[in-house]
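Presented below is the structure to which this report refers.
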Amino acid sequence: MEIGILGGTGNAGRALAGRLAKAGYKTTIGSRTLKKAEAAVEKLHTLWKPRIENFSVSACENAQVAEADIVIVATPPKAAIATTKTLSKQLSKKIVISMCNDLVQNEGGGFSPKIGKVSIAEAIQDSAPKALLASAFHHLPAKQLGELETPIKNDVLICSDFEEALAVTSSIVQSIKNLRPINAGPLSNSVSLEAFTSTLLNISTSYQIGASVKITGLQND
Ligand SMILES: NC(=O)c1ccc[n+]([C@@H]2O[C@H](COP(=O)([O-])OP(=O)(O)OC[C@H]3O[C@@H](n4cnc5c(N)ncnc54)[C@H](OP(=O)(O)O)[C@@H]3O)[C@@H](O)[C@H]2O)c1
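Going by the numbering used here, the letters in the sequence shown line up with residues 1 to 221, in that order.
In structure tokens, the structure reads:
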């Protein structure tokens with residue numbers, strides 16, 4: 001199964017690409033420019049090829065990413081809506097996972113959510129109406145995610161209106177050691193996942209950590 005990442009050159013997309021490649025997925029980093037995607041791939045290969053067996057990621061432009069089996073959106077939020085609108089035809093019937101958060105950084109350095117009428121994930125669904133949208137990976141800090149040899153012990157909350165998208169996203173999450181997928185309800189609930197990221201960032205700043213999410217009370221705790 002090939003996973004392509006729109007905007008995979010950023011810290012979040014590149015870190016996730018590394019984890020997915022380590023888990024054995026054929027992974028592609030997409031960019032508006034091929035050169036930038038190639039530079040991101042080179043960065044990952046230089047760091048991890050000598051340390052992880054069969055580690056490989058490929059590079060392409062965003063339009064080609066949309067040909068992958070699964071597409072992850074890792075651009076800033078506004079760009080995500082515009083990019084998926086342009087690729088709407090190619091994304092038809094495809095599982096598309098948004099990890100986008102819409103936040104503002106306040107003057108004092110803290111973060112607040114920008115809560116609109118809908119979440120970014122729902123706006124992406126509107127841009128690509130025939131895509132099977134899921135919303136996930138919002139709460140994994142890129143820094144920790146990118147340290148591929150350090151286990152990242154977190155829960156990944158997933159919202160989707162499509163059973164298939166929920167199941168496939170869950171199995172992708174599970175393929176990364178120590179991550180646990182949690183069904184967090186329909187896509188309309190993504191607004192709370194996206195907004196909660198600002199709380200985590202404020203906690204991270206206060207305690208100088210990379211705060212993430214762990215749900216208690218589940219049977220397999
Ligand atoms: N950073 C984190 O810890 C983290 C964790 C979880 C979720 N997220 C979310 O994941 C997303 C990516 O985060 P990030 O920190 O990696 O962001 P970023 O570095 O600001 O952006 C990622 C990539 O998006 C592309 N991009 C930027 N502006 C664009 C535009 N106008 N049109 C199309 N593409 C554009 C760029 O790729 P090219 O120039 O190569 O096209 C850029 O490298 C965000 O929505 C963020 O909220 C971040």
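Heads up, the beta-carbon is just placed ideally off N, CA and C, and yes, glycines get one too.
Remember, predicted model here, so these are calculated numbers, not experimental data.
- Counting only unbroken stretches of 3 or more residues, the beta strand (DSSP E) elements lying wholly within the segment 33-98 are 57-61, 70-73 and 95-98, in sequence order.
- In this structure, DSSP gives Gln-125 a helical state, which the three-state scheme calls helix.
- Assigned with DSSP and collapsed to three states, Glu-107 falls in coil, not helix or strand.
- Taking C-beta atoms as the reference points, Leu-133 and Asn-154 fail to come closer than 8 Å.
- Around Thr-33, the same chain offers Glu-61 as residues with beta carbons nearer than 8 Å, after the five sequence neighbours per side are excluded.
- A Cβ-Cβ distance of about 5 Å is found for the pair Val-73 and Leu-6, placing them in contact under the 8 Å criterion.
- Between Ser-198 and Leu-103, the CB-CB gap stays under 8 Å.
- In chain order, Ser-127 and Ala-128 place their CB closer than 8 Å to the CB of Lys-85, counting only its own chain and leaving out the 5 sequence neighbours on each side.
- Nearest C-alpha to Ser-56 among Pro-76, Arg-14 and Lys-35: Arg-14.
- Setting aside the 5 residues that flank it on each side, Ala-165 is surrounded in the same chain by Ile-95, Leu-132 and Ala-134, each with a C-beta closer than 6 Å to its C-beta; the list follows chain order.
- Within the segment 176-209, complete alpha helix (DSSP H) segments of at least 4 residues are found at 190-207, given in chain order.
- Relative to ligand 1, His-138 has its C-beta within less than 7 Å of a heavy atom.
- Bounds of any beta strand (DSSP E) do not take in Lys-130, whose DSSP letter is neither H nor E.
- Excluding residues up to 5 positions away in sequence, Cys-159 and Asp-161 lie with their Cβ nearer than 7 Å to the Cβ of Pro-186 in the same chain.
- Less than 8 Å divides the Cβ of Leu-148 from the Cβ of Lys-22.
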